[in-house]
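Asks:
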Amino acid sequence: MKKILFTIIGLSALFCMSSCDEAVYKGRKVYKAYFDYTLKDPESFKVYSEKYTKDGDFTVNWELDYGSKNSLGGMVREKATFTTVGTSIFIDGSSYRLDELK
1 MKKILFTIIG
11 LSALFCMSSC
21 DEAVYKGRKV
31 YKAYFDYTLK
41 DPESFKVYSE
51 KYTKDGDFTV
61 NWELDYGSKN
71 SLGGMVREKA
81 TFTTVGTSIF
91 IDGSSYRLDE
101 LK
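If you're matching positions, the sequence shown starts at 1 in full-length UniProt numbering and goes up one per residue.
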């Protein structure tokens, strides 16, 4: 009985720690869709560093250090700052919804 109880408590704790905030999850999903939509070689997209701060329940401000291949096949590393609200991204003065990026 004790083994079962400890297993249930352990799995519950693991599940709670691994669950991600919904705004962050949606924001990550929409920024990946944005870069898949805009990059010349989306398969080469690599995130080196990701920082975010939440601003309310739905808004997340991101700082992303990423790399991808250019037209000549060389890796280019850039930094981007943008905001996601739900499934929308605001970057470089433009906004996109997730359904527009698919």
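The C-beta atom is built at its ideal place from N, Cα and C for all residues, glycine as well. Keep in mind the model is a prediction, meaning the values are calculated, not measured.
(1) How would you call Tyr31, buried or exposed, if buried means at least 16 neighbouring beta carbons within 10 angstroms?
(2) Leaving out five residues on either side along the sequence, give the residues of the same chain with a beta carbon under 7 Å from the beta carbon of residue 188.
(3) What whole-angstrom Cβ distance do Tyr66 and Val47 have, given they're in contact under 8 Å?
(4) Does Lys51 come out as helix, strand or coil in the three-state DSSP assignment?
(5) Find out if the Cβ-Cβ distance for the pair Thr81, Leu98 is shorter than 9 Å.
(6) Taking the beta carbon of Tyr64 as the centre, do at least 16 other beta carbons fall within 10 Å, making it buried, or is it exposed?
(7) For the alpha helix (DSSP H) containing Thr38, list its first residue and its last residue.
(8) Under DSSP, the beta strand (DSSP E) around Ser71 begins and ends at which residues?
(9) If you reduce the DSSP assignment to three classes, tell me which class Asp99 lands in.
Replies: With the structure as the only source:
(1) The residue in question, Tyr31, is buried, as its Cβ has 16 or more Cβ neighbours within 10 Å.
(2) Here the chain covers residues 1 to 102 and nothing more, so residue 188 does not appear.
(3) Contact holds; Cβ gap of about 5 Å.
(4) In the structure shown, Lys51 sits in a strand (DSSP, three-state: E or B).
(5) The answer is no: Cβ separation not under 9 Å.
(6) This sequence places Leu at residue 64; Tyr is not what is there. Classification of Leu64: buried, given that the 10 Å Cβ count is 16 or more.
(7) That run of the alpha helix (DSSP H) goes 22 to 38.
(8) Premise fails: Ser71 is in no beta strand (DSSP E) and is neither H nor E.
(9) Asp99: helix per DSSP, three-state reduction.
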